[in-house]
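Enquirer: Going by our numbering, the letters in the sequence shown line up with residues 5 to 180, in that order. Don't be surprised by glycine CBs; every beta carbon is placed ideally from N, CA and C. Everything numeric in this text was worked out from a predicted model, so none of it was measured.
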Amino acid sequence: MDFVSSQCIWALHLSPNDISEGIECIPYAQPPVGPLRWTAPLMYNSSYPNGVLNASVFSPSCYQYGTISVETNLYSEDCLYLNVWAPVNVTINSSLPVKVWIYGGVFYAGSTYDPLYNGCNIATNAIVVTMNYRVGPLGWLTLNSSLGLTGNYGILDVLMALQWIQDNIASFGGNK
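1. Check this for me: beta carbons of L86 and T134, under 8 Å apart or not?
2. Do S65 and C83 come within 8 Å of each other at the CB atom, strictly closer than that value?
3. Given a cut-off of 8 Å, decide if A127 and P101 are closer than it, judged by their beta-carbon atoms.
4. Indicate whether the contact test is met: 3 or more Cβ pairs, each with one atom in the stretch 137 to 148 and one in the stretch 159 to 178, closer than 8 Å.
5. Can you list, in chain order, the residues of its chain whose CB lies under 7 Å from that of T116, leaving out five sequence neighbours each side?
6. With burial defined as no fewer than 16 other Cβ atoms inside 10 Å of the residue's Cβ, what is the status of Q170: buried or exposed?
7. With DSSP as the reference, label C83 as helix, strand or coil.
8. In the DSSP output, which residue or residues are listed as bridge partners for A33?
9. Hey, out of N93, Y69, W89 and K103, whose CA is closest to G109's CA?
10. Residues bridged to W144 by DSSP?
11. Quick one: give me the first and last residue of the beta strand (DSSP E) that L57 is part of.
12. I30: which of N58, P39 and A44 sits nearest, CA to CA?
13. CB of C124 to nearest heavy atom of the ligand COA: below 7 Å?
14. Please classify G193: is it buried, with 16 or more other beta-carbons within 10 angstroms of its beta-carbon, or exposed?
Structure (structure tokens):
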């Protein structure tokens, strides 16, 4: 599903040296809230309000206990978003290599909100993508139950983000 080409994403966030631009807060999965909290992620399939997504600010971090390197008060269960950085002059036909940067944090903390994962300085001759995924209990808790709660939701989130990238990165000038 090439979701991006049928929608409009608006962003203007240039790197300090104007070599790349960032598009932040693109949803790749349905918010894992309510009945979706303890399930594998579902592909984002809703339309953006008025057909336009304002992707000029970072999404909240996924809920976590503590942090690795950056303090933020912006936490939410609605956190399954990714960020794309591209060289300034990229076109849809550029077919640039794609670098996916998945943050660490021993599965209990981490976020693309951390400046360490800002791709603006490494998106010189490539497209760079980072994503948030569920960490801590919301990402890894599993219960022996008849409900079929399997855990490993954080890994399933990453796999869903990678599928989104495969389906949509050409719209950002990346090599599919």
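Expert: Based on what the coordinates show:
1. Numbered from 1 along the sequence shown, position 82 holds the residue referred to as residue 86. Numbered from 1 along the sequence shown, position 130 holds the residue referred to as residue 134. With respect to T134, L86 sits close: the two C-beta atoms are nearer than 8 Å.
2. To locate residue 83, count along the sequence shown from 1; it is residue 79. To locate residue 65, count along the sequence shown from 1; it is residue 61. Taking 8 Å as the cut-off, the Cβ atoms of C83 and S65 count as close.
3. Numbered from its first residue, the sequence shown carries residue 101 at position 97. Numbered from its first residue, the sequence shown carries residue 127 at position 123. No. Outside cutoff.
4. In short, these stretches touch, since the Cβ pair count reaches three.
5. The sequence position of residue 116 within the sequence shown is 112, counting from 1. Taken in chain order, the residues that qualify are F62, N87, Y107, T134, M135 and N136.
6. As a working note, residue 170 is residue 166 in the sequence shown. A residue is called buried when at least 16 other Cβ atoms come within 10 angstroms of its Cβ; Q170 does not meet this threshold and is exposed.
7. In the sequence shown, counting from the first residue as 1, residue 83 sits at position 79. C83 falls in the coil class under three-state DSSP.
8. By one-based count along the sequence shown, residue 33 stands at place 29. In the DSSP output, where bridge partners are listed per residue, A33 has M47.
9. If you number the sequence shown from 1, residue 109 lands on position 105. Nearest of N93, Y69, W89 and K103 to G109, Cα basis: Y69.
10. In the sequence shown, the residue the question calls residue 144 occupies position 140. Answer by DSSP bridge pairing: none, since W144 is not bridged.
11. Along the sequence shown, read from residue 1 onward, the residue named residue 57 stands at position 53. Counting along the chain, the beta strand (DSSP E) containing L57 begins and ends at V56 to N58.
12. Against the sequence shown, residue 30 aligns to sequence position 26. Comparing Cα positions, the closest option is N58.
13. The ligand COA is absent from the structure shown, which contains no ligands of any kind.
14. Summary: the structure shown does not reach residue 193, with the chain confined to residues 5 through 180, and so no result is reported for it.
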